[in-house]
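Per this note's numbering, residue 248 is the first one in the sequence shown, and the count goes up by one each step.
We treat Cβ as the ideally placed atom computed from N, Cα and C, and that holds for glycine.
In this text the structure is predicted, and so the values were computed from the model without any measurement.
Structure, as structure tokens:
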Amino acid sequence: MRAKIKSILFASATLLFAVCLLIIPTETVEASKRGIDIWASSVFPSLLPFFVTGELLISFGVVHFIGVLLEPVMRPLFNVPGIGGFVWAIGLSSGYPAGANFTARMRQEGYISRIEAERLVAFTNASNPIFIIAVVAVSFLNEPRLGLLLATVHYGSNLCVGIIMRFYQQNDEHVRYADNSGNIFKKAFNTLHDTRLKQHKPFGKLLGDAVVKSIESALMIGGFILIFSVVSTILIETNLLVWVSELAKGIFTLIRLPDILALPFSVGIVEITLGIKQIAQFINHPLIVKTLLISILLAFNGLSVHAQVASILADTDIRYKAYLFGRFIQIGFATILVILIFPLINLTSDLPIGEAVPVLNIISNYFWQCVVHILANYGALITILGLWTYLIIKIYRQLTIKRESQ
248 MRAKIKSILF ASATLLFAVC LLIIPTETVE ASKRGIDIWA SSVFPSLLPF
298 FVTGELLISF GVVHFIGVLL EPVMRPLFNV PGIGGFVWAI GLSSGYPAGA
348 NFTARMRQEG YISRIEAERL VAFTNASNPI FIIAVVAVSF LNEPRLGLLL
398 ATVHYGSNLC VGIIMRFYQQ NDEHVRYADN SGNIFKKAFN TLHDTRLKQH
448 KPFGKLLGDA VVKSIESALM IGGFILIFSV VSTILIETNL LVWVSELAKG
498 IFTLIRLPDI LALPFSVGIV EITLGIKQIA QFINHPLIVK TLLISILLAF
548 NGLSVHAQVA SILADTDIRY KAYLFGRFIQ IGFATILVIL IFPLINLTSD
598 LPIGEAVPVL NIISNYFWQC VVHILANYGA LITILGLWTY LIIKIYRQLT
648 IKRESQ
């Protein structure tokens with residue numbers, strides 16, 4: 248009976264979505280364009296290099312080298328193998344859903360148990376520093392100095408989630424503890440060497456595989472961004488999101504937050520980038536309130552990212568509930584950290600005449616402004632070149648297979 252109800256719900260939701268596309272075609276087309284623009288100009292060029300590099304590091308055994316070295320740190324701190332340090336580093340530097348993507352890879356390769364994978368996916372899927380500092384702080388809020396605070400809160404709360412999740416399913420019987428006796432550097436190098444020898448493919452084939460896998464993952468992410476951009480527009484145009492925001496308004500009033508921010512916050516729950524941008528546009532409201540709401544959205548990730556993670560985990564036995572549980576823990580820690588750290592940050596824009604401005608601040612602000620400029624002007628070009636490379640590799644391989652079969 249439950250399966251039948253689920254079938255009816257899925258069919259009804261899909262039919263309703265199709266009807267909305269027909270009723271408000273102009274708005275949904277614009278939403279599609281906006282989603283493609285976000286993906287092509289920002290997401291694809293920032294994710295692809297990390298995806299390709301990560302795949303090559305796995306193929307050449309560097310991941311295992313790092314895993315052996317980090318085992319004494321990752322196991323006592325997070326109760327995961329040292330190889331989780333690689334996943335965490337990739338997840339934090341490249342942004343979501345890279346952490347989930349490489350956690351799934353580690354599980355598929357058999358390097359970690361299911362419980363270890365669930366611990367990992369709860370805290371390795373984070374927003375990247377380019378988005379937090381360059382896009383949110385510099386571009387949206389026009390407060391470059393707020394970038395460090397947002398990054399500290401986001402990654403600090405992420406670290407807290409990892410420590411809490413070490414106690415998740417502690418009685419897991421499939422945990423494999425590494426042998427830490429002997430020279431750890433020698434053992435790490437031997438592990439790297441043995442892994443590389445198992446790869447009987449030339450470098451060109453490994454590079455091609457890495458590019459193809461990475462671009463296919465990036466295309467899947469782009470599809471989700473586009474769909475959820477359309478979904479958020481439909482929810483706004485049909486006033487469904489307005490009704491949801493009424494519930495949020497009640498909560499906002501209860502905790503003494505401006506209820507006018509309830510609607511953009513609700514938008515951010517569905518699509519994080521759009522919601523944060525709308526919150527930043529309310530210039531007359533206290534900066535600490537906007538910082539708090541933005542930090543909560545960064546911790547939650549948005550339903551668009553949740554759908555991407557669920558899709559990636561569907562190919563494994565990793566349960567999505569661990570990831571969802573981690574988001575709620577991170578929201579709590581992010582809230583606490585904003586309240587504690589914000590009063591320590593001097594965000595006064597107007598300096599007294601004659602007061603020196605630190606050179607490092609000028610360099611830092613200029614750097615992130617350059618990052619925004621490069622992504623805005625050349626992000627789409629990088630995306631086109633990446634897709635062109637993908638097509639060339641696919642066509643070449645198809646021709647090679649045909650030639651070998653003849």
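Task: Rounded separation between Leu591 and Leu584 - CA only - done: Translated into positions along the sequence shown, residue 591 becomes position 344. Translated into positions along the sequence shown, residue 584 becomes position 337. Going by the C-alpha atoms only, they are around 11 angstroms apart.
Task: Close-in-space but distant-in-sequence residues of the same chain around Tyr567 (CB under 6 angstroms, 5 per side omitted) - done: As a working mapping, residue 567 is identified with position 320 in the sequence shown. Excluding residues within five positions, the ones whose Cβ falls inside 6 angstroms are Ala557 and Leu560.
Open item on the list: Using a 10 Å radius around the Cβ and a threshold of 16 neighbouring Cβ atoms, would you call Ile642 buried or exposed?
Closed with: For the purposes of this step, residue 642 is identified with residue 395 of the sequence shown, where counting begins at 1. Burial call: exposed.
- [ ] Return the CA-CA distance between Tyr402 and Lys445, expressed in angstroms with no decimal places.
- [x] Sequence index remark: in the sequence shown, residue 402 carries index 155 (1-based). Sequence index remark: in the sequence shown, residue 445 carries index 198 (1-based). Here the alpha carbon of Tyr402 sits roughly 36 angstroms from the alpha carbon of Lys445.
- [ ] Measure the C-alpha to C-alpha separation of His311 and Ile541 and round it to an integer number of angstroms.
- [x] Within the sequence shown, residue 311 is the residue found at index 64, counting from 1. Within the sequence shown, residue 541 is the residue found at index 294, counting from 1. Their backbone Cα atoms lie some 36 angstroms apart in a straight line.
Task: Residue burial classification, Lys537 (beta-carbon count within 10 angstroms, cutoff 16) - done: Looking up residue 537 in the sequence shown gives position 290. Its Cβ being crowded by 16 or more others within 10 Å, Lys537 is buried.
Task: Integer Cβ distance of Gln577 from Ser340, believed to fall under 8 angstroms - done: Along the sequence shown, read from residue 1 onward, the residue named residue 577 stands at position 330. Along the sequence shown, read from residue 1 onward, the residue named residue 340 stands at position 93. At roughly 18 angstroms, the Cβ-Cβ gap does not stay under 8 angstroms, so Gln577 and Ser340 are not in contact.
Task: Rounded Cβ spacing between Ile639 and Leu473 (contact assumed at less than 8 angstroms) - done: Sequence index remark: in the sequence shown, residue 639 carries index 392 (1-based). Sequence index remark: in the sequence shown, residue 473 carries index 226 (1-based). Between Leu473 and Ile639 the Cβ distance is about 24 angstroms, and since that is not below 8 angstroms, they are no contact.
Open item on the list: Please return the same chain residues whose Cβ sits closer than 6 angstroms to the Cβ of Arg366, not counting the five positions on each side in sequence.
Closed with: Numbered from 1 along the sequence shown, position 119 holds the residue referred to as residue 366. Excluding positions up to five away in sequence, the list reads Val327, Met412 and Tyr415.
Task: Limits of the alpha helix (DSSP H) - the one that Ile498 falls within - done: Position 251 of the sequence shown, counted from the start, is the residue given in the question as residue 498. Residues Leu487 to Leu501.
Open item on the list: Rounded to whole angstroms, what is the Cα-Cα separation between Phe264 and Ala258?
Closed with: Here residue 264 refers to the residue found at position 17 of the sequence shown. Here residue 258 refers to the residue found at position 11 of the sequence shown. Each residue's Cα considered, the two are about 10 angstroms apart.
- [ ] Rank Ala347, Ala250, Ala546 and Ser492 by C-alpha distance to the C-alpha of Ile468 and give the top, closest one.
- [x] For the purposes of this step, residue 468 is taken as residue 221 along the sequence shown, with counting starting at 1. Out of Ala347, Ala250, Ala546 and Ser492, Ala347 has the C-alpha closest to the C-alpha of Ile468.
Task: Cβ neighbour criterion (16 or more within 10 Å) applied to Phe297 - done: Indexing the sequence shown from 1 puts residue 297 at position 50. In the assembly as shown, Phe297 is a buried residue. Its beta-carbon has 16 or more other beta-carbons within 10 Å.
- [ ] Kindly indicate the opening and closing residues of the alpha helix (DSSP H) around His311.
- [x] Within the sequence shown, residue 311 is the residue found at index 64, counting from 1. In the DSSP assignment, His311 falls within the alpha helix (DSSP H) that extends over Val309 to Phe325.
- [ ] State the DSSP-derived secondary structure class of Phe349, mapped to helix, strand or coil.
- [x] One-based indexing of the sequence shown puts residue 349 at position 102. Helix.
Open item on the list: When you compare the CB positions of Gly308 and His447, do they come within less than 8 angstroms of one another, or not?
Closed with: Counted from its first residue, the sequence shown places residue 308 at position 61. Counted from its first residue, the sequence shown places residue 447 at position 200. Going by C-beta atoms, Gly308 is not nearer than 8 angstroms to His447.
Open item on the list: According to DSSP, is Thr442 part of a helix, a strand, or is it coil?
Closed with: In the sequence shown, residue 442 corresponds to position 195, counting from 1. The answer is helix: DSSP assigns Thr442 an H, G or I state.
TODO: Could you tell me whether the Cβ atoms of Val477 and Thr275 are closer together than 8 angstroms?
DONE: Translated into the one-based positions of the sequence shown, residue 477 becomes position 230. Translated into the one-based positions of the sequence shown, residue 275 becomes position 28. Yes, Cβ-Cβ distance for Val477 and Thr275 is below 8 angstroms.
TODO: Given a cut-off of 8 angstroms, decide if Thr371 and Thr350 are closer than it, judged by their beta-carbon atoms.
DONE: Here residue 350 is taken as the residue at index 103 of the sequence shown, counted from 1. Here residue 371 is taken as the residue at index 124 of the sequence shown, counted from 1. In contact: Thr350 and Thr371 (Cβ atoms closer than 8 angstroms).
Open item on the list: Output needed for Gly451: all residues of its chain with C-beta closer than 8 angstroms, excluding positions within five of it in sequence on either side, in chain order.
Closed with: Here residue 451 refers to the residue found at position 204 of the sequence shown. So no residue of the chain qualifies.
- [ ] Can you grab the Cα-Cα spacing for the pair Glu277 / Leu269, in whole Å?
- [x] Along the sequence shown, one-based indexing puts residue 277 at 30. Along the sequence shown, one-based indexing puts residue 269 at 22. Taking the straight line joining both Cα atoms gives about 14 angstroms.
TODO: Output the distance between the C-alpha atoms of Leu510 and Gly338, rounded to the nearest integer angstrom.
DONE: Within the sequence shown, residue 510 is the residue found at index 263, counting from 1. Within the sequence shown, residue 338 is the residue found at index 91, counting from 1. The alpha-carbon atoms of Leu510 and Gly338 are separated by roughly 29 angstroms.
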